[in-house]
Amino acid sequence: MDVVSVGEVTDGTLTVVLRGDIDFTNAARVRETISSAVSARRPRAVRVEMGEVTFLDSSGVGVLVDAMKSAWEVEAGFRVVNPTPRVFDQLRIAGLLDAFGLG
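Heads up: the sequence shown runs through residues 280 to 382, numbered per this note's numbering.
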């Protein structure tokens with residue numbers, strides 16, 4: 280199973296599903312997948328579903344920040360939804376809860 284999947288734009292929202300470990304081993308590929316989808320589809324909002332993420336290192340946090348920037352480039356909103364408790368804590372420590380719509 281791939282760690283990233285991108286759905287169709289529904290009601291203006293592009294949903295990205297992340298799963299498993301998001302870390303230095305796959306961050307570049309995940310970043311490019313999200314960025315390309317946002318650029319090509321130009322949604323009004325980007326929603327990143329994180330309910331199946333088991334591990335997120337600093338590279339993974341960087342992927343989320345870059346995904347947010349990609350959304351901003353097309354004037355889209357950005358939200359992270361359903362983070363696991365572990366991921367939520369990492370985002371809290373990084374000070375990103377408000378930026379990701381979790382605050």
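The beta-carbon is built from N, C-alpha and C at its ideal position, and this holds for glycine as well.
Round the Cβ separation of residue i and residue j to the nearest angstrom and send it over; I've been treating them as touching at under 8 Å.
i, j, result
"S314", "D345", "7 Å"
"E331", "G380", "Their Cβ separation, rounded to whole angstroms, is 19 Å, which puts E331 and G380 out of contact at 8 Å."
Sort the options by Cα distance to residue i and report the nearest one.
i, options, result
"S284", "T304, D302, R308 and D290", "R308"
"A350", "R326, N305, G382 and P364", "R326"
"V295", "A306, V317 and D302", "V317"
"R310", "V359, V342 and P364", "V342"
"M347", "V359, S337 and Q369", "V359"
"M329", "P322, Q369 and E352", "Q369"
"E352", "V288, G374 and A319", "A319"
"S337", "I372, P362 and G356", "I372"
Does the beta-carbon of residue i have 16 or more other beta-carbons within 10 angstroms, so that it is buried, or is it exposed?
i, result
"G291", "exposed"
"F303", "exposed"
"A306", "buried"
"F334", "exposed"
- Identify every run of the beta strand (DSSP E) within the segment 331-368, keeping only runs that are complete inside it and at least 3 residues long; order them along the chain. For the segment 331-368, the full-length beta strand (DSSP E) segments reaching 3 residues or more read 356-360 along the chain.
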